[in-house]
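Numbering (numbering that gives the first Met the number 0), first residue to last: 0 to 481. All C-beta atoms, glycine included, are put in the ideal place defined by N, C-alpha and C. Take a look at the structure below.
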Amino acid sequence: MITVHNTLTGQKEPFTPKEPGKVRMYVCGPTVYSYIHIGNARTFTAFDVVARYLRYRGFDLTYVRNFTDVDDKIINAAKETGEEPVQLAQRYIDAFREDAKALHLIEPDVSPKVSDHIPEIVALIQKLVDRGVAYESQGDVYFQVSKYPQYAKLSKRNLDELRAGERVQPGEQKREPLDFALWKAAKPGEPAWDSPWGKGRPGWHIECSAMSAKYLGEDFDLHGGGLDLIFPHHENEIAQSEAATQKPFCRYWMHCGFLDLEGAKMSKSLGNVVRLRDALQRVDPEALRFFFLSTHYRNPLSFSEKSLADAETRMEYFYETLRRVDERAGGKDFGKGPLHGDPEQFVRDFERAMDDDFNVPGAFAALSGLFALMNELLDKPPVKDKAVIGRTLQALREVTRKFATVLGLLEDDPHDWLMRRRERLIAQKGIDRAKVEALIAERAAARAAKNFEEADRVRETLKAMGVEIMDTPAGTTWKVQA
RNA sequence: GGCGCCAUAGCCAAGUGGUAAGGCAAGGGUCUGCAAAACCCUCAUUCCCCGGUUCAAAUCCGGGUGGCGCCUCCA
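Written out as structure tokens, the structure is:
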């Protein structure tokens with residue numbers, strides 16, 4: 000039984016989708032006016048793991064994540080670049096797809112764009128107008144909040160307080176301050192579509208109501224997004240959808256906590272926004288995922304170079320272990336027979352943590368135990384029987400594959416991953432590979448001649464260059480110190 | 001001001017009534033010509049503070065203190 004912290008109730012609840020065995024999930028995707036930053040990436044990674052785990056648990060999942068490609072910010076950005084807004088939006092949709100792939104995010108089943116769903120949006124607005132909860136005013140259409148008594152049930156705000164703080168923007172034609180735009184009359188040069196209220200474009204919130212209804216139905220199971228979307232975006236979605244359909248909208252609302260930069264908020268005005276694609280130049284994608292997942296999704300997460308380096312060191316441990324396991328036991332036949340211990344115990348621990356509101360940090364404990372045991376079997380086997388060790392290593396390796404599928408980690412070939420990381424570090428530190436190899440050969444000669452003083456001197460020289468050498472039965476290998 | 005979140009070892013971080021997961025760092029050990037890697041051991045009588053409820057609280061309640069988010073575009 001999976002439990003989920005539901006923002007609607009503020010509590011952890013048993014997760015029971017409307018239709019048994021089937022989950023319909025909607026995650027608010029990016030507004031494509033620029034590249035996504037690492038905060039966006041954290042949220043998308045969190046829901047990526049939610050989606051993966053629901054599938055792992057056997058649910059038939061329909062996963063929708065939209066692109067908001069019609070919006071004020073896009074129009075403004077396009078003014079600066081001189082592009083057409085649609086063209087700029089498409090450029091950033093393409094960029095997002097690249098970023099998402101690089102971060103190992105699974106593809107949603109549907110990635111709808113606002114610009115492809117104007118008819119659905121217009122129809123939904125019309126329905127709200129017909130029901131008398133929305134009104135036209137000089138080419139704009141507004142949702143009348145006072146007509147929806149349950150307004151603010153998600154964010155639990157006091158309506159009077161909200162009214163006191165609300166200001167009507169110049170040019171807006173609202174009856175009441177809290178009313179929000181469903182449709183905005185076109186201004187010259189802006190993208191516009193025909194509607195019963197004249198040329199215009201959708202307001203911000205309506206697209207999610209229209210598109211989720213189209214692909215998931217009017218009442219679906221899970222809706223996700225960043226913490227900041229609770230108000231007003233999700234609040235407004237609920238109001239629009241429920242006012243239109245006269246039935247409860249989404250049943251479970253999940254919100255991901257913020258990522259900050261060592262305590263400081265990431266914001267454009269501070270000039271400290273870290274783009275995902277820039278971060279991925281410096282750190283391995285899986286290490287970045289590991290970092291995102293190292294704190295529970297609802298808690299704040301603090302980004303720093305140190306935390307990134309730590310994550311990568313941990314990934315190196317995992318991959319180094321897997322490389323050795325594959326070398327020892329990969330593709331071999333150890334026959335049938337008993338195992339050492341119970342590999343399934345790790346699966347049970349993993350699932351118990353994940354079932355509890357997707358507690359990935361808790362699941363990492365199971366992962367740690369699994370890797371410690373693999374290393375123990377490799378280096379200090381507690382049993383003598385080589386077949387038992389081999390079979391157990393293979394079984395444990397299979398368990399890591401299960402976890403990998405859920406976490407989107409450790410999906411690479413271990414050898415490839417380690418080599419790629421080494422290449423990146425060599426490039427970053429500007430290490431002269433030929434010189435390293437020459438020094439290692441020099442040292443090998445010294446060792447062969449039992450001249451250990453000389454050998455140690457070479458080791459020190461390499462160390463000063465940032466290169467660490469390891470003597471193995473197969474010869475001396477080296478790696479770059481992170 | 002309103003709403004909400006958070007406060008656990010040097011650091012990161014789980015744990016929402018039954019007596020403190022996991023990781024990093026550190027110290028000791030095994031292994032090694034020396035190292036590295038790996039493994040083993042040690043590392044919070046205690047969970048921001050003060051009260052209360054309970055046989056029992058990091059966990060529930062009340063009151064503080066400190067940090068943060070939203071209330072305006074924001075993942």
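Member of Arg442, Tyr150 and Ser240 whose CA lies at the smallest distance from the CA of Ile468: Residue mapping note: residue 468 aligns to position 469 of the first sequence, counting from 1. Nearest C-alpha to Ile468: Arg442.
Unbroken alpha helix (DSSP H) run spanning Cys207, endpoints: Taking the first sequence and counting its residues from 1, the one referred to as residue 207 is at position 208. First-last of the alpha helix (DSSP H) with Cys207: Ile205 to Leu215.
Residue environment, Ile318, which counts as buried when at least 16 other CB atoms sit within 10 Å: In the first sequence, counting from the first residue as 1, residue 318 sits at position 319. Checking the sequence, you will find Tyr at residue 318 rather than Ile. With 16 or more other Cβ atoms within 10 Å, it is buried.
Trp511 (DSSP reduced to helix, strand or coil): This structure gives no information on residue 511, because the portion of the chain shown stretches from 0 to 481.
Residue range of the alpha helix (DSSP H) that includes Asp108: For the purposes of this step, residue 108 is taken as the residue at position 109 of the first sequence. Boundaries for Asp108: no alpha helix (DSSP H) harbours it, and the DSSP string shows neither H nor E there.
Given Ile73 as reference, the closest of Ile92, Trp192, Val113 and Val31 once Cα atoms are compared: By 1-based counting over the first sequence, the position of residue 73 is 74. For the residues Ile92, Trp192, Val113 and Val31, the minimum Cα distance to Ile73 belongs to Val31.
Exposure label - Asn157; buried when at least 16 CB within 10 Å: Residue 157 sits at position 158 when you count from the first residue of the first sequence. Exposed, by the Cβ-count rule.
Residue span of the alpha helix (DSSP H) that contains Asp59, given as start and end: As a first step, residue 59 must be located in the first sequence, where it is residue number 60. Asp59 -> not in any alpha helix (DSSP H); beta strand (DSSP E) instead, spanning Asp59 to Arg64.
Limits of the beta strand (DSSP E) - the one that Gln10 falls within: If you number the first sequence from 1, residue 10 lands on position 11. First-last of the beta strand (DSSP E) with Gln10: Gln10 to Pro13.
Residues near Arg430 in its chain [Cβ-Cβ closer than 7 angstroms; skip 5 each side]: Here the question's residue 430 lines up with position 431 in the first sequence. It is worth fixing the name first, because residue 430 is Ile in this sequence and not Arg. When the five nearest sequence neighbours on each side are left out, the beta carbons in the same chain lying within less than 7 angstroms of the beta carbon of Ile430 are those of Met464, Gly465, Val466 and Val479, in order along the chain.
Outcome for Thr312 when other beta-carbon atoms lying within 10 angstroms are tallied against a minimum of 16: Here residue 312 refers to the residue found at position 313 of the first sequence. Its Cβ having fewer than 16 others within 10 Å, Thr312 is exposed.
For Lys305, the nearest candidate out of Tyr296, Phe290, Glu315 and Asp220 (CA to CA): Working through the first sequence from its first residue, we reach residue 305 at position 306. Ranking the options by Cα distance to Lys305, first place goes to Phe290.
Sequence ranges, beta strand (DSSP E) only - wholly within the region 147-204, length at least 3: Given a length threshold of 3 residues, each whole run of the beta strand (DSSP E) inside the region 147-204 is given here in chain order: 179-184 and 199-201.
Same chain only: Cβ atoms within 7 angstroms of Gly216, ignoring 5 sequence neighbours per side: The residue you call residue 216 lines up with position 217 of the first sequence. Within the same chain, Gly216 has close Cβ partners Arg23.
Spatial distance of Arg96 from Lys112 (CA atoms): The residue you call residue 96 lines up with position 97 of the first sequence. The residue you call residue 112 lines up with position 113 of the first sequence. Arg96 and Lys112 have their C-alpha atoms roughly 13 angstroms apart.
Three CB pairs or more closer than 8 angstroms across the region 95-110 and the region 170-182: No, they do not touch.
Ala328, buried or exposed, once every other Cβ within 10 Å from all chains shown has been counted against 16: Looking up residue 328 in the first sequence gives position 329. Ala328 should be labelled buried.
The region 88-95 touching the region 31-42, judged by at least three CB pairs closer than 8 angstroms: Counting Cβ pairs under 8 angstroms, three or more are found: they touch.
Cβ separation of Leu63 and Tyr296, assumed to be a contact under 8 angstroms, to the nearest whole Å: Taking the first residue of the first sequence as 1, we reach residue 63 at position 64. Taking the first residue of the first sequence as 1, we reach residue 296 at position 297. Checking the sequence shown, residue 63 turns out to be Val, not Leu. By a beta-carbon distance limit of 8 angstroms, Val63 does not contact Tyr296. Their separation comes to about 19 angstroms.
Nearest neighbour of Lys152, chosen from Ala440, Ala238 and Lys186 [CA to CA]: Within the first sequence, numbered from 1, the residue matching residue 152 stands at position 153. Closest by alpha carbon: Ala238.
Short Cβ contact (9 angstroms threshold) for Val109 with Thr61: By 1-based counting over the first sequence, the position of residue 109 is 110. By 1-based counting over the first sequence, the position of residue 61 is 62. Yes. Within cutoff.
Cα-Cα separation between Lys11 and Trp252, rounded to whole angstroms: Locating residue 11 in the first sequence gives position 12, counting from the first residue. Locating residue 252 in the first sequence gives position 253, counting from the first residue. If I take the Cα positions, the gap works out to 11 angstroms.
Cβ neighbours of Arg458 in the same chain (closer than 8 angstroms, five flanking residues each side left out): Residue numbering aside, residue 458 sits at position 459 when the first sequence is read from its first letter. Around Arg458: Arg442 and Ile468.
6 angstroms Cβ shell around Arg419 - same chain, five flanking residues per side excluded: Translated into the one-based positions of the first sequence, residue 419 becomes position 420. Answer for Arg419: no residue qualifies.
Assigned secondary structure, Met373 (DSSP; H/G/I helix, E/B strand, else coil): As a working mapping, residue 373 is identified with position 374 in the first sequence. Met373 carries a helical assignment under DSSP once its states are collapsed to helix, strand and coil.
Under 9 angstroms between C-beta atoms of His489 and Leu226: No answer is possible for residue 489: it lies beyond the span of the chain, which begins at 0 and ends at 481.
Spatially closest choice to Glu119 from Tyr147, Val272, Ser303 and Ala243, by CA coordinates: Residue 119 sits at position 120 when you count from the first residue of the first sequence. Looking only at Tyr147, Val272, Ser303 and Ala243, the smallest Cα-Cα distance to Glu119 is reached by Ala243.
Touch test, the region 334-345 against the region 385-396, Cβ-Cβ under 8 angstroms, three pairs minimum: Touching, yes.
Distance, Ser136 Cα to Phe142 Cα: Along the first sequence, read from residue 1 onward, the residue named residue 142 stands at position 143. Along the first sequence, read from residue 1 onward, the residue named residue 136 stands at position 137. When rounded, the distance between both Cα atoms is 11 angstroms.
Helix, strand or coil at His233 [DSSP, three-state]: Reading the first sequence from its first residue, position 234 is the one you call residue 233. Of the three classes helix, strand and coil, the one that applies to His233 here is helix, per DSSP.
Gly20 versus Met314 - alpha carbon distance: Mapped onto the first sequence, residue 20 falls at position 21. Mapped onto the first sequence, residue 314 falls at position 315. Each residue's Cα considered, the two are about 34 angstroms apart.
Limits of the alpha helix (DSSP H) - the one that Asn450 falls within: Working through the first sequence from its first residue, we reach residue 450 at position 451. For Asn450, there is no enclosing alpha helix (DSSP H), as DSSP gives it neither H nor E.
Those residues which DSSP pairs with Arg274 across a bridge: Taking the first sequence and counting its residues from 1, one reaches residue 274 at position 275. Beta-bridge partners of Arg274 (DSSP): His36.
Check whether Val273 and Leu260 have beta carbons under 9 angstroms apart: Numbered from 1 along the first sequence, position 274 holds the residue referred to as residue 273. Numbered from 1 along the first sequence, position 261 holds the residue referred to as residue 260. Taking 9 angstroms as the cut-off, the Cβ atoms of Val273 and Leu260 count as close.
Of the listed residues Ile229, Trp477 and Lys17, nearest to Thr8 (C-alpha basis): Counting from 1 along the first sequence, the entry for residue 8 is found at position 9. Among Ile229, Trp477 and Lys17, the Cα nearest to that of Thr8 is on Ile229.
Same chain, Cβ closer than 8 angstroms to Glu285, neighbours up to 5 away in sequence not counted: Along the first sequence, one-based indexing puts residue 285 at 286. Excluding its 5 nearest sequence neighbours in each direction, Glu285 has C-beta neighbours in its own chain below 8 angstroms: His103, Met314, Gly407, Leu408, Leu409, Glu410, Asp411 and Trp416, listed in chain order.
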